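Participant: In the numbering used here, the protein residues as written are -5 to 548.
Every residue gets a Cβ at the ideal spot worked out from N, C-alpha and C, and that includes glycine.
Quick caveat, the model's predicted, so the values are computed rather than measured.
My questions all concern the structure below.
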Amino acid sequence: MPTVSAHVARTVARHVDHVFGVMGNGNAWFLDALERSTTARFTAVRHEAGGVVAADAHFRASGRIAAATATYGAGFTNALTALAEAAQARVPLVLLTGDEPTSGPRPWDVDQIALAAAVGARTYTVGRADAAATSVIAIEHSLTYRVPVVLAIPYDVAALDAGPIPDAPEPVLPAPLAPAGPFDAAAITDLARHLAEAERPLLLAGRGAWLAGAGPALGELAETTGALTTTTALGRGVFPDGRYDLGVAGGFGAHDAMELVRQADVAVVLGASLNQFTMRFGELFAPGTRVVQVDIAPAATHRHVGGFVRGDAALVARALVDELHALGAKPSGWRETVDVAGARRYDTGPADGIAPDGRLDPRSVAHRLAGLLPADRVVVSDGGHFIGWANMYWPVASPDRMVMVGTAYQSIGLGFPSVAGAAAAVPDAAVVLTTGDGGGLMALADLETAVRTAAGRGIAVVWNDAAYGAEVHVYGRQGITEEPMLIPEADFAALAGAVGAEGVVVRSLADLDRVAAWAAEPVADRPFLLLDCRVSGAVVAPYQEEILRANRTR
């Protein structure tokens, strides 16, 4: 008869096509059932955090829920940082894990339910009689609230016979949140009137707008109002017409583009939380700008917001377009009067790419790579000072083509396992990792995972400045000793070679020519390529200057 673990595996596999993780005592029976009796694919990673990261990246790149798996105890606690990131980022995924026996904890057990709750994840524990139903409830909860959940299998229950596997009901998900009632209707009408009268309207969209499928409606709203557009880092590419898009709002934005944002008289924010980085620590909008936020959150999320409409970004954008048409509104004409392309230009560094200290200027490297990387790509990003270079210099086609696992929880070291999730989610595209030497060394266990899963579709760019650059540029410049912030220069090219990749030490822009040759080779014939870019630690990203100013004024 099927075991409890088989009930879980076969039920989960009806809704999840990929599981990432590390096998151990607590999840052995589950993985056995998954492999023997389902069509779901299992990808082994080398660290439990990597399993959760890969599942997280899989969702962000595909929109499909994925699962991670780990054993109990140390395996579970190893996954906590990645689980906290998924919770902070509102990413639905299921972490299937072993747990203490029903008879009580053993010396090596910990209170996993309390630990999961501490980072924002709810735990569902299966039993012999309800394993299939509990699995569906967990998946439904994850998708409904866009949060990770833990699905726990007690050790002494995992291999028990549980009888025939029932046809558990399908998850029932809520409909998109529609504005309702006279107050919402009046708020939409009022906002439409302000947009119709605006001389310099601006639309700012975030990841929430992408998840809502609001792209087409946002395009119509921008065209109807004649608005300039901008996005959060996680919303890049959500507007269909890029000709009038100012790029990323906040510290990743070009200086002149952000000056245009400050000229807006009416700004509508759709599906963006307006965190401190997007808001440039309160400096994004001018004091005279009327800022109205559209979101499914219960209330506005920043004190500079003057009006709020609660609702799905796509539904509200569509309602605004209808109201504007009813008003006979005409486009403002503002966007045709400004040089958007010129405003979006960034400083590309010296022509030869060499900074005054003799190392590469990262701006020159990023600009050069923008023309060399495969056009059909998913970019996955670790955290660190370098995080701005990809966001500033590498265009992406849509928000699901820029995966930033770690930014919500301000973590580093989640880059290499992100490659596995993106590679599984988008099997025909190139996967480009951008990571630093600090985060790269922290995630080194899953360098092998990245190379194995992406193979000839994978390329990693390591910004190697022999330091934790973010700390140097914020705290070192405030006089704190820099010794703990420095890293002996590691040879990432050699490390890549040890796990079957091709590593290239990049000390000049000419060394990047290997990327062009690599891109021209058949995917099946080429190796995973790692670029060990020896960049200058003296070149500071503009967003880092904003963080420094904010820290100095506290």
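(1) Cα separation between Gly114 and Arg100?
(2) Look at Leu321 and His296 and say whether their C-beta atoms are less than 7 Å apart.
(3) For the 8 Å Cβ check, are there 3 or more pairs between the segment 200 to 209 and the segment 224 to 236?
(4) I'd like to confirm the pairing. Which residues does DSSP put opposite Thr37 in its beta bridges?
(5) Is there a Cβ from chain C that is less than 7 Å from the Cβ of Ala495?
(6) Measuring alpha carbon to alpha carbon, tell me which of Ala162, Ser375 and Arg122 ends up nearest Val(-2).
(7) Going by alpha carbons, who is nearest to Arg371 out of Ala126, Trp388, Trp383 and Ala360?
(8) Can the beta-carbon of Ala535 be found less than 7 Å from the beta-carbon of Gly382?
(9) Can you check which of these residues, Tyr469, Glu476 and Gly409, is closest to Ala444 by C-alpha distance?
(10) Taking the C-alpha atoms as reference points, what is the distance between Cys527 and Leu74?
(11) Would you call the segment 49 to 59 and the segment 84 to 103 in contact, with 3 or more CB pairs under 8 Å?
(12) Hey, out of Trp457, Gly213 and Gly300, whose CA is closest to Val533's CA?
(13) Which residue spans inside the segment 146 to 220 form an unbroken beta strand (DSSP E) run of at least 3?
(14) Can you tell me where the beta strand (DSSP E) with Met396 in it begins and where it stops?
(15) Can you tell me whether DSSP reads Trp23 as helix, strand or coil?
(16) Would you list the residues sitting across from Gly301 in a DSSP beta bridge?
(17) Quick one, which of Asp235, Glu483, Phe246 and Ala308 has its alpha-carbon nearest Val263's?
(18) For a test of the three-state rule: what should DSSP assign to Asp422, helix, strand or coil?
(19) Can you give me the C-alpha to C-alpha distance between Phe271 and Ser31, rounded to a whole angstrom?
(20) Comparing C-alpha positions only, which one of Leu438, Pro210 and Phe522 sits nearest to Ala449?
(21) Taking Ala80 as the reference, give the member of Val144, Ala152 and Ala423 with the closest Cα.
(22) Where does Tyr139 land, buried or exposed, given buried means 16+ other C-beta within 10 angstroms?
(23) Just the C-alpha distance for Val509 and Val10, rounded to the nearest angstrom, thanks.
(24) Label Ile133 either buried or exposed according to how many other C-beta atoms from any shown protein chain fall within 10 Å of its C-beta, with 16 as the threshold for buried.
(25) Do you know whose CA, among Ser502, Ala3, Ala125 and Val16, lies nearest Leu354's CA?
(26) Would you check if there are 3 or more beta carbon pairs closer than 8 Å linking the segment 166 to 183 to the segment 359 to 376?
(27) Contact check, Gly415 vs Ala3 under 8 Å by CB: the rounded distance?
(28) Starting from the C-beta of Gln82, find all residues in its chain whose C-beta is less than 6 Å away, skip the five residues before and the five after it, and write them out in chain order.
(29) Between Ala258, Thr218 and Ala169, which lies nearest to Gly305 when the distance is taken from Cα to Cα?
(30) Leaving out five residues before and five after Thr283 in sequence, what residues of the same chain have Cβ atoms less than 6 Å from its Cβ?
(31) Sort out for me which residues DSSP pairs Ala454 with in a bridge.
(32) For Val420, which residues in the same chain have their Cβ closer than 7 Å to its Cβ, ignoring the five residues on either side in sequence?
(33) How big is the Cα-Cα spacing for Gly220 and Val285?
(34) Comparing alpha-carbon positions, which option in Arg338, His379, Leu489 and Gly407 lies nearest Gly44?
(35) Report yes if the C-beta distance between Gly343 and Gly378 is below 7 Å; otherwise report no.
(36) Shortest alpha-carbon distance to Ala439 belongs to which of Gly98, Glu42 and Val498?
Facilitator: The relevant details are as follows:
(1) 25 Å
(2) no
(3) yes
(4) Phe14
(5) In the displayed structure, chain C is absent; only one protein chain is listed.
(6) Arg122
(7) Trp388
(8) yes
(9) Gly409
(10) 31 Å
(11) yes
(12) Trp457
(13) 195 to 199
(14) Met396 to Met398
(15) helix
(16) Val286
(17) Ala308
(18) coil
(19) 46 Å
(20) Phe522
(21) Val144
(22) exposed
(23) 35 Å
(24) buried
(25) Ser502
(26) no
(27) Actually they do not touch by this definition, with Cβ atoms about 20 Å apart.
(28) Ala402 and Tyr403
(29) Ala169
(30) Ala258 and Ala261
(31) Leu427 and Leu524
(32) Ala55, Ser56 and Val372
(33) 17 Å
(34) Gly407
(35) no
(36) Glu42
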